[in-house]
Each structure stands twice: as structure tokens, then as C-alpha cells.
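Note that my numbering has the sequence shown beginning at 6, numbered continuously upward.
C-beta atoms are modelled at their ideal positions from N, C-alpha and C, and glycine is treated no differently.
Heads up, the thing below is written out as C-alpha cells.
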Amino acid sequence: MKDVMDIEALLSQHLIEYERFEHPPLENCTEADRLKLHRPGQRLKNLFLRDNYGKRHFLLITRADKAVDLKKLSRELKISRLGFASTERMQRFLGITPGHVSLLALVNDPEHKVELWLDADIWNGQAFQCHPLINTVTLVLSQPNVERFLNLVGHKPEILEIPEVGA
């Protein structure tokens, strides 16, 4: 499993540019709001999900302020009851614990057991704010650099219209 130093070295080695910001631990987007942190790029919500049978796992990335309608998403994608995966599954498949999730954790999934879903709302937007496997650092990557990283680790994102609760 990789750690923050490995991620930054990997990015640098492959000429994937990023901006680096250190900060107190951020367990969720609310913590960043409370601390009034200002970093460039999009604030993102990273959800690690599984199907009802625990056979498929997904990393869903959307806007920080979006309340995802998992029931509607399950119906639309014809996947049996999407739900949050356990801490144990997160550790096993991504090598991290809750509060440290970002698309950079896909570096720890060389067997491609986790499917990546990106909300269409964010895909063509600003740069992405990503934790490099630790929640005391944020790396900001432009969309082309996110694409380069995903190609490097062999994960092809599925760009989806993610339904919102009440919409």
C-alpha cells in the first residue's frame, strides 16, 4: 500500500503537476467549512459504496454540497441497493480509512476491483481537491492531470449524471 510520500513521488515522477496544501485533519467537508480553509479547485465528496451483495465496489465523486440519492442511482444503474461500504472494505480495497478518501486512493487498487464514478457536474469543472491518502494534506490537480493519473493507475472513470435527493 502506498502512502502520502509515495503518491507525491509517483505524481512527480510522471510529471503530473499539483499544488500542495497542509492543514489540520479534515474528516469531512464540514470540517473544511468550520476551519474556513481556502484552497483552489472544487471541493469534492468522495463516497465509497458497494452493491447489496458486496460483490461490486464503487468510488463515487461528486460536489461537496450534493446530497446523493442512492436509491434513485441504484434504480437508474440497475444495481441492487447501493450502500456505504464498511471501513474494513475501504481498508481492503483502497488501503485507507474514512476521512482519507479521494481518487488518489485508486493507486492502491492495482487489480481494478473498485469502479470509479465521477459526477458529470464536476468532470468539466475546476481542478480537483484530493487527499493523498491522508487528511492533513490536500493536493489540487487540474482535470488534465486527474486524467493522466487515472490513465497511470489504469482506472477509467464512468461519467454519470448523479441524482440528488429531492430533485
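Can you tell me where the alpha helix (DSSP H) holding residue i begins and where it ends?
{"i": "Ile127", "result": "Ala125 to Trp128"}
{"i": "Leu52", "result": "Per DSSP, Leu52 belongs to no alpha helix (DSSP H); it is in the beta strand (DSSP E), Leu49 to Arg55."}
{"i": "Arg80", "result": "Leu75 to Leu82"}
So who's on the other strand from residue i, going by DSSP bridges?
{"i": "Leu146", "result": "Phe133"}
{"i": "Tyr44", "result": "In the sequence as displayed, the identity of residue 44 is Arg instead of Tyr. DSSP, once it has assigned bridges, lists no residue as partnering Arg44."}
{"i": "Ile66", "result": "Asn51 and Leu123"}
{"i": "Gly88", "result": "Arg55"}
One question on the structure: do residue i and residue j come within less than 8 Å of each other, judged by their Cβ atoms?
{"i": "Asp114", "j": "Phe89", "result": "no"}
{"i": "Leu64", "j": "Leu78", "result": "no"}
{"i": "Val158", "j": "Val112", "result": "yes"}
What is the C-beta distance between residue i and residue j, in whole angstroms, given that I count them as a contact (C-beta under 8 Å)?
{"i": "Leu52", "j": "Phe154", "result": "Leu52 to Phe154, Cβ: 19 Å. No contact."}
{"i": "Glu2", "j": "Pro168", "result": "For residue 2 there is no data in the structure shown, the boundaries of the chain being 6 and 172."}
{"i": "Ile66", "j": "Leu49", "result": "5 Å"}
{"i": "Asn140", "j": "Gly100", "result": "Not a contact, Cβ separation roughly 14 Å."}
{"i": "Arg94", "j": "Arg55", "result": "6 Å"}
Tell me which residue opens and which closes the beta strand (DSSP E) that residue i is part of.
{"i": "Thr92", "result": "Run containing Thr92: none in the beta strand (DSSP E); it sits in the alpha helix (DSSP H), Thr92 to Leu99."}
Classify residue i as helix, strand or coil using the three-state DSSP reduction.
{"i": "Leu165", "result": "strand"}
{"i": "Glu32", "result": "coil"}
{"i": "Arg61", "result": "coil"}
{"i": "Glu24", "result": "strand"}
{"i": "Leu157", "result": "helix"}
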